[in-house]
Every structure is written in structure tokens, then in C-alpha cells.
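Structure, as C-alpha cells:
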């Protein structure tokens, strides 16, 4: 019987346990974006944090009290918000990509890439009203 021992490289610390918590989107207009993500993806504001400098809405699925969430964050100082190009889409698993894509477009999303098959997945992209990519994914059955 042999035993495999894996040694850490010298000087490498063991990372503490971590759990993924949220994605934060800095938005130009908070209420229209909250309305969009509520109508398109069924998310609700589970918590609001409001300070003199900012407001953020923590969005979750109804009934979800913990776990990963989407945060919409707005600065109150009037600074310009630009999207840049150093990010990827925010992804959501859905039951039916084609129906979700059509629903999102009807609710104000811009079509970005129509549904297609990618191996065992069905995928589509839309843009939210401020231009961020949303990736819709389902496992083909």
C-alpha cells in the first residue's frame, strides 16, 4: 500500500476557508436597474444599505436568506459610471434559455447573442439597460 503525500511549496500559506458571497454591479440609476433585475430574473431586494455616500440593494431569489447574491450599488456623489472592458458577463442558470431570452428582451434587455447550443448547454446573451452582459445558461435535457 502506498501513500501519496503532496507538499506545499516553501513559503505558501494555507488559504482560509472562503465562501463565494456576491457580485456587485455599480449602476448609474438604482431603481430602474432594480426593476429590470426583478422583472427579468425574479430577484428581490432582500436588504438595502443606505449611507450618505452610497446606496446598495442586495438582491436574492424570493425566500433565499443566505448564499450568493447580486448587489446593485450606486454612488451618490454624481460620478460617471463607465463599463470598461475588464469584466465578463453576469451568469444565471435558467430552466429555458429561449423563453428567458425572449422574456428579457420583452422586458427591456437588448439582444446580444441569440440562443445556441454549446455542447451540453444552451446559452444566450442579453444586455441590461445600462449595457452589462447577462449570460443565460441551461443544461440541455
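Numbering (our numbering), first residue to last: 4 to 144.
Using N, Cα and C, we set each Cβ at its ideal position, and we do this for glycine too.
Query, Result
"Residue 113: first and last residue of the uninterrupted alpha helix (DSSP H) it sits in", "First-last for residue 113: 113-121, but that is the beta strand (DSSP E), not the alpha helix (DSSP H)."
"As assigned by DSSP and simplified to three states, the class of residue 107", "helix"
"One or two residues paired with residue 45 in a DSSP bridge", "Looking at the DSSP assignment, residue 45 forms no beta bridge with any residue, so it has no partner."
"Close Cβ partners of residue 67 (< 8 Å) along its chain, the five nearest in sequence each way excluded", "49"
"Euclidean distance between Cα positions of residue 102 and residue 53", "35 Å"
"Distance CB(residue 73)-CB(residue 40) smaller than 8 Å", "yes"
"Straight-line Cα distance separating residue 140 from residue 71", "17 Å"
"Top-ranked residue by Cα proximity to residue 63, from 55, 56, 26 and 80", "26"
"Pairwise C-alpha distance: residue 16 and residue 145", "Since the first residue of the chain shown is 4 and the last is 144, residue 145 is not available in this structure."
"One or two residues paired with residue 57 in a DSSP bridge", "78"
"Nearest-angstrom beta carbon gap, residue 97 and residue 113 [assumed within contact, 8 Å]", "That pair is no contact at about 18 Å."
"Selection from 30, 44 and 138 that minimises the alpha carbon distance to residue 65", "44"
"Among 142, 36, 38 and 137, nearest to residue 90 - alpha-carbon criterion", "137"
"Span separating the alpha-carbon of residue 19 from that of residue 105", "42 Å"
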